[in-house]
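One structure is given here, and the rest of the page talks about it.
2 protein chains.
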Amino acid sequence: MAVFQGTLDQHNGITVESVSNACNDIQDFAVKLEASLLQWEKERLRGVWFNVDISQIEWIPILSQKGFNIHHAKDNKVSLYLWLPKLESCKIPPYAHNMVGAGALVINDNNQILVVHERYRTVSFWKLPGGYVDPGEEIGEAAQREVLEETGIKTEFLSLLSVRHLPSAVFGCSDLYFVVRLKPLSYEITKQDDEVEDCQWMDINTFLSHPQVIDHVRNFVKQAILNEKEGIAMIRNKSEHPLTKKPQYIFTVHRVKDD
Amino acid sequence: MAVFQGTLDQHNGITVESVSNACNDIQDFAVKLEASLLQWEKERLRGVWFNVDISQIEWIPILSQKGFNIHHAKDNKVSLYLWLPKLESCKIPPYAHNMVGAGALVINDNNQILVVHERYRTVSFWKLPGGYVDPGEEIGEAAQREVLEETGIKTEFLSLLSVRHLPSAVFGCSDLYFVVRLKPLSYEITKQDDEVEDCQWMDINTFLSHPQVIDHVRNFVKQAILNEKEGIAMIRNKSEHPLTKKPQYIFTVHRVKDD
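Chains as they are written, first to last, in this note's numbering: chain A, 1 to 259; chain B, 1001 to 1259.
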């Protein structure tokens, strides 16, 4: 009896891609699934994954009847899993439920801060440029990209200033917002019209007393001034993850100058 | 002509729950969808959302034909969206793609550090207790919960020590790992057998030279000792988000003692 072809992983699990396992019809799918599950139980596999393409969505009710649950979906594919070991609790972590954004604190040599006014907001404020971190992107790089996109200003990374965590935010996810300090390498603003209503270099003292600034954003700027005076900062170090060998970035607090 | 009933949001979008909009059959669904989209375009709505329950999964191919894309899936529901404004780029952010974990650095009055050995790992190391942050949970609370679950030790939050960011990790997501310092409030270890192979209070110097410790974990401990000496730490402040009124936690660097 034919079984589905999948990829084994380091946790002794298997992942089946629907697009490379096309079936004649839904009966064919059901029979092959039955045979595959028997085989995988015999082989003592642990997590079984099906990545079902939107064009083969009729597989899902049958997988559901067999005890599969939806884990997540992206790129028009739904990922379902089944935990096979009967004597061991399921070790598959839930999918990501955290949105991560980066905001940029960019101060120039004239003691001016780079601020933007977003379009399409019911409440209007002067904000730090920034946005969501893209998949695969490092946090500081995301801040630099957003500053360049929104304002045309080129920057270099200095330090991490602050982290804000909202445990309950959009899509039922948490929201993490990293404020990084960037050094401007250019001064001429080229505003992005699609998302940004207005953009300017604003005198820091004006910003600190401006009525259209949210308190915690104002506090980030005060904090940056204080940390500068105290000579402390959160520094980023790039290294390699010892097991996956992929890049890792570690942020730690340091004294950056002596008293 | 009947249209689907949904909930309007602050961005002028609408969300339709499949379970509260059951249709007689799939033809009925297709006709009602056609009428609803015409109506919503007339009303100048922006983002249209369908949360489709796994029991009504046959709606998805029809939604896909109408231009809907899968945004995310959880709790056995698939969320699809369609951006209606033709003259404005889609402003719907992609779903969360960041896993967030918390590790705990717990040092007792005898200069011993709380360490665990996990089960079911191909490579075996002494690690800090910790795990993924639950939905709706604050990072420090997650670390305290994991320490209690894995070791039975009660703790209180002291400070955030470090953040590690892996842009490319499991499920094609990024991984953020927050190391927090916790003060132990109890000393008797009660090991959780399901996930933890072994657990102990280990002398810090033993830990710092132990061959079964990953370098960056060792460095977190060195960093904690250094920051303690320097009198600097990342402090957590709880406040309220000015717009949503939900709790927000802001972590910033401070001098916690004078020289």
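Glycine included, every Cβ here is placed at the ideal spot set by N, Cα and C. Bear in mind the structure is a predicted one, so any value in this text is a computation, not a measurement.
A/Thr-252 to A/Arg-44 span [Cα, whole Å]: Within the first sequence, numbered from 1, the residue matching residue 252 of chain A stands at position 252. Within the first sequence, numbered from 1, the residue matching residue 44 of chain A stands at position 44. Distance between the alpha carbons of A/Thr-252 and A/Arg-44 is about 43 Å.
Listed from N- to C-terminal order along the chain, which residues in the region 1190-1207 of chain B have their beta-carbon within a distance smaller than 7 Å of any beta-carbon of chain A? Asp-1194
Which residues of the region 234-246 of chain A have a Cβ closer than 8 Å to any Cβ of chain B? Give them in chain order. Met-234, Ser-239, His-241, Pro-242, Leu-243, Thr-244, Lys-246
Distance check for A/Ile-70 and B/Ser-1055, CA to CA, integer angstroms please. Translated into the one-based positions of the second sequence, residue 1055 of chain B becomes position 55. Translated into the one-based positions of the first sequence, residue 70 of chain A becomes position 70. Straight-line Cα distance between these residues: approximately 12 Å.
Measure the CB-CB distance between B/Gln-1212 and B/Trp-1126 and report whether it falls below 7 Å. Position 212 of the second sequence, counted from the first residue, corresponds to residue 1212 of chain B. Position 126 of the second sequence, counted from the first residue, corresponds to residue 1126 of chain B. Yes.
Rounded to the nearest angstrom, what separates A/His-97 and B/Gly-1136 at their Cα positions? One-based indexing of the first sequence puts residue 97 of chain A at position 97. One-based indexing of the second sequence puts residue 1136 of chain B at position 136. Approximately 9 Å between the Cα atoms of the pair.
Could you tell me which of B/Glu-1240, B/Gln-1144, B/Ser-1064 sits nearest to A/Pro-167, measuring between CA atoms? Working through the first sequence from its first residue, we reach residue 167 of chain A at position 167. A/Pro-167 has its Cα closest to that of B/Glu-1240, out of B/Glu-1240, B/Gln-1144, B/Ser-1064.
By how many angstroms is the C-alpha of B/Gly-1172 removed from the C-alpha of A/Cys-23? Residue mapping note: residue 23 of chain A aligns to position 23 of the first sequence, counting from 1. Residue mapping note: residue 1172 of chain B aligns to position 172 of the second sequence, counting from 1. Roughly 27 Å between the two C-alpha positions.
Limits of the alpha helix (DSSP H) - the one that B/Ser-1239 falls within: For this step, residue 1239 of chain B is matched to residue 239 along the second sequence. Segment 1232-1240 is the beta strand (DSSP E) holding B/Ser-1239; no alpha helix (DSSP H) there.
Hey, is B/Cys-1173's beta-carbon within less than 7 Å of any beta-carbon in chain A? Numbered from 1 along the second sequence, position 173 holds the residue referred to as residue 1173 of chain B. Yes, because at least one Cβ of chain A sits closer than 7 Å to the Cβ of B/Cys-1173.
Are the C-beta of A/His-97 and some C-beta of chain B separated by less than 7 Å? In the first sequence, residue 97 of chain A corresponds to position 97, counting from 1. Closer than 7 Å: yes.
Excluding five sequence neighbours on each side, which residues of the same chain lie with their C-beta closer than 6 Å to the C-beta of B/Val-1265? Summary: the structure shown does not reach residue 1265 of chain B, with chain B confined to residues 1001 through 1259, and so no result is reported for it.
Let me know if B/Gln-1248 comes out buried or exposed under the rule of 16 or more other beta-carbons within 10 Å of its beta-carbon. Indexing the second sequence from 1 puts residue 1248 of chain B at position 248. Buried, by the Cβ-count rule.
Who are the near neighbours of A/Phe-29 in its chain, counting only those whose CB is closer than 7 Å to its CB and skipping five residues on each side? By one-based count along the first sequence, residue 29 of chain A stands at place 29. The residues are Cys-23, Trp-59, Ile-62.
Please go through the same chain and pick out, in chain order, the residues whose beta-carbon is closer than 8 Å to the beta-carbon of A/His-216, but skip the five residues on each side of it. Taking the first sequence and counting its residues from 1, one reaches residue 216 of chain A at position 216. The residues are Arg-164.
Which residue marks the beginning of the beta strand (DSSP E) containing B/Ala-1102, and which one marks its end? Numbered from 1 along the second sequence, position 102 holds the residue referred to as residue 1102 of chain B. From DSSP, the beta strand (DSSP E) with B/Ala-1102 extends over 1098-1106.
Tell me, please, whether the CB atom of B/Ile-1070 is closer than 7 Å to any CB atom in chain A? As a position in the second sequence, residue 1070 of chain B is number 70, starting the count at 1. It does; some Cβ of chain A falls within 7 Å.
Do we get a CB-CB distance below 7 Å when we pair B/Tyr-1249 with the residues of chain A? The residue given as residue 1249 of chain B occupies position 249 in the second sequence. By this cut-off, B/Tyr-1249 is an interface position.
Could you pull out every residue in the same chain whose Cβ sits closer than 8 Å to the Cβ of B/Ile-1139, ignoring the five residues on either side in sequence? Here residue 1139 of chain B corresponds to residue number 139 of the second sequence, with the count starting at 1. Cβ within range, chain order: Val-1100, Ala-1102, Val-1133, Leu-1160, Phe-1178, Val-1180, Tyr-1249.
Decide yes or no for the touch test of the region 102-118 of chain A against the region 198-206 of chain A: beta carbon pairs closer than 8 Å, at least 3 of them. yes
If we call anything under 7 Å between Cβ atoms a contact, is B/Glu-1150 one with B/Gln-1192? Counting from one through the second sequence, the residue named residue 1150 of chain B turns up at place 150. Counting from one through the second sequence, the residue named residue 1192 of chain B turns up at place 192. Taking 7 Å as the Cβ cut-off, B/Glu-1150 and B/Gln-1192 qualify as a contacting pair.
Per-residue DSSP class, three states only, for A/Gly-152: Start at 1 with the first residue of the first sequence, and residue 152 of chain A comes out as number 152. Looking at A/Gly-152 - three-state DSSP - the assignment turns out to be coil, as it is neither helix nor strand.
What does B/Glu-1230 reach in chain A if we use C-beta pairs closer than 9 Å? Taking the first residue of the second sequence as position 1, residue 1230 of chain B is located at position 230. Within 9 Å Cβ-Cβ: Ile-232, Val-253, His-254, Arg-255.
CB-CB under 7 Å to A/Phe-4, same chain, minus the five flanking residues each way: which ones, in chain order? Your numbering for residue 4 of chain A matches position 4 in the first sequence. If we look at A/Phe-4 and ignore the five residues flanking it on each side, its Cβ neighbours are Val-16, Asn-21, Lys-32, Ser-36.
Distance, B/Arg-1046 Cα to B/Asn-1012 Cα: Looking up residue 1012 of chain B in the second sequence gives position 12. Looking up residue 1046 of chain B in the second sequence gives position 46. In a straight line, the C-alpha of B/Asn-1012 is about 6 Å away from that of B/Arg-1046.
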